[in-house]
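**Student:**
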Amino acid sequence: FKVANTAMKSLHPNPTIFLIILLSLVSSNSLFVAFGTTKQVADQEAAALIAWKGSLDNQSQLLLSSWVGVGSGGSCINYWVGIGCSINDDVAGRITHINLTSYALREGGSLEKILS
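Start counting the sequence shown at 504; every next residue gets the next number (our numbering).
(1) Can you give me the C-alpha to C-alpha distance between Ala-551 and Asn-591, rounded to a whole angstrom?
(2) Quick check: what's the CA-CA separation for Arg-609 versus Cys-588?
(3) Just to confirm my understanding: we take Leu-566, look at its own chain, exclude 5 residues before and 5 after, and list those with CB closer than 6 Å. What are they?
(4) From Tyr-582, Val-571, Gln-543, Thr-599, pick the residue whose C-alpha is nearest to that of Trp-555; which is it?
(5) Of all the alpha helix (DSSP H) runs that stay within the bounds of the stretch 536–571, which reach a length of 4 or more residues?
(6) Taking Val-544 as the reference, which of Asn-602, Gly-596, Leu-603 has the closest Cα?
(7) Give every residue of the same chain whose Cβ lies closer than 7 Å to the Cβ of His-600, excluding the five residues on either side of it in the sequence, and list them in chain order.
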């Protein structure tokens with residue numbers, strides 16, 4: 504009977520190990536992609552940038568005239584001024600960096616309005 508009892512105890516997972524596995528899943532890209540495909544998320548990123556561009560004054564919008572539409576093979580557009588995109592298979596098409604420091608953009612709005 505003692506052997507059976509020991510076997511039963513080993514079937515119960517250690518809560519610490521379970522927590523570590525759960526935290527690993529939550530922080531991984533695989534769980535993120537499960538809730539929305541990379542393309543869907545990339546489309547949302549591009550749409551947010553286009554919406555923010557629309558909040559800028561006319562002169563600033565002209566400086567970002569390459570920011571039009573959404574790419575057919577993914578949303579991050581490498582030819583968009585100041586935008587860099589991932590080519591990593593797990594997150595292909597996602598925006599990796601934005602550098603608009605040399606464009607002297609004048610804001611007619613703010614990112615807070617776009618993100619809320």
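Every residue, glycine too, gets a C-beta built ideally from N, C-alpha and C. What you are looking at is a predicted structure, and each value in this text was computed from that prediction instead of being measured.
**Tutor:** Per the coordinate set shown:
(1) 22 Å
(2) Arg-609 and Cys-588 have their C-alpha atoms roughly 24 Å apart.
(3) Tyr-606
(4) Val-571
(5) Correct list: 541–557, 561–566.
(6) Gly-596
(7) Gly-587
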